[in-house]
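> For the sequence shown, the residue numbers in numbering that gives the first Met the number 0 are 0 to 335.
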Amino acid sequence: MTVRDRLASLGTALGDFNQGEFGKDFSMIEGVNPAEGYCAGVALDWTRRVLQSGSGRQAKFLHYASAKNALPSGVGTDTRQTRTLRRMATAFSGQGASYVTTTRKTELIALLTPLLTAPLVNYNSSPCVGVPSAAAKLLMERFDLQDNPFDLGYEPAGFVSRNRIQNWLNTITQGVDPQHSKLADGGREWGQYAKELDDKFSGSKKRKFGKIHVVTSSNQQTYGSPGAWRTELLANGFQTDCCTIVGVGAPGDEGHAVAVHLLGADYRFFDPNYGVYKYSLEGLRTALQHLFGAPFFTDDGLDADLPVYRRRTDSTKPKDTKPWTRMSYTIFAANS
């Protein structure tokens, strides 16, 4: 049985999709080689699409097989499929491992600015202001404080002069926000990235990236086992009427992105290589296990003892020995 057959047996198949097939007429588009994969961009575009469509929308809409999208890609022409592919490739090029509503820079500015006018206290014979532990924690992450004045076990965490706070603010505000870049540590700011994508592609499009927002996210981290991140994801990673993008991989390596749209008790699972499936929670758990953790089914062929995404297609290459223990997720919802 094929991987699609296996996935379908766990629930209901709603339609095939394969990112390689979708972009097969292009050797390069928006700086991306479709043959090498652009899953994070596909998952992000799918999330934008399904969150702004009615729950009764035709299944074809879920996997880009509507009549408007079924036009020949026509290399160099402006068909719907070509425009969709460009949008997916660009979303992939600037992707975040996860997305956040507010960056650490913005949070830190908001926490430090009021301290410039906070009441002074006498500390070690010097006029100082107390720095809340939330601000101190971010400052310790942002700066190499050789004379660290903070102890996060206390509230406030420490006392510093207004001049020092002003110097920190000057440095922070003048610098580029690192969370406005691809795969930013701590997550990429969604509002900034959504505007960047909409400015380039949406025009008069009704279903803009900016019309969805981040509900919450889990920064990329490494777990003890694939089962550990599955437990975390299934417990906290989904909310009704929301869509979750999940990034999975081996520590330090490239990985794969999928998306899940929760409608009532139905988990609509989208894999950019295999299409869309409707699952129960248990069906979703098993699909994630078979793809990324450990084989659920007894398969034949090369590396059948490994999960799908760790199997080789070339027997001359070394066998994969790295479990996929890295995971991050972002929950999106449509704007009200």
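From the three backbone atoms N, C-alpha and C, an ideal C-beta is built for every residue, glycine too.
So is Q173 buried or exposed if we call it buried at 16+ other beta carbons inside 10 Å?
exposed
> Looking at D37: is its Cβ nearer than 9 angstroms to the Cβ of P271?
Correcting the residue identity first, residue 37 is Tyr in this sequence and not Asp. Closer than 9 angstroms, so yes.
> Pick out whichever of R229, L261, T89 and D299 has its Cα sitting closest to the Cα of F291.
R229
> Label A135 either buried or exposed according to how many other C-beta atoms from any shown protein chain fall within 10 Å of its C-beta, with 16 as the threshold for buried.
Buried, since its Cβ has 16 or more Cβ neighbours within 10 Å.
> Helix, strand or coil for H255, going by three-state DSSP, please let me know.
strand
> Here's the rule: buried if 16 or more other CB atoms are within 10 angstroms of the residue's CB, otherwise exposed. What is Q219?
Classification of Q219: buried, given that the 10 Å Cβ count is 16 or more.
> Grab the span of the alpha helix (DSSP H) containing M87 for me, first residue to last.
M87: member of the alpha helix (DSSP H) spanning R79 to S92, first to last residue.
> Going by C-alpha distance, which of T1, E35, T11 and V2 is nearest G282?
T11
> Check whether the Cβ atoms of R206 and G254 lie closer than 9 angstroms to each other.
no
> What residue range is occupied by the uninterrupted beta strand (DSSP E) comprising G246?
C242 to G248
> Taking a contact to mean a Cβ-Cβ separation below 9 angstroms, would you say Y276 touches L43 in this structure?
no
> Tell me, which residues are paired with K277 by DSSP?
As a beta-bridge residue in DSSP terms, K277 pairs with T11 and R267.
> Note the first and the last residue of the continuous beta strand (DSSP E) segment covering P126.
S125 to V130
> Check the DSSP bridge columns for F158 and list the partner residues they point to.
G129
> When you compare the stretch 149-163 with the stretch 113-127, are there three or more beta-carbon pairs, one atom per stretch, that lie closer than 8 angstroms?
yes
> With DSSP run on the structure shown, which of helix, strand or coil describes H62?
Note: H62 maps to coil in three-state DSSP.
> Hey, quick one: how far does the beta strand (DSSP E) through I211 stretch, first residue to last?
I211 to T221
> Look up T329 in the DSSP assignment and give the residues it is bridged to.
S216 and I244
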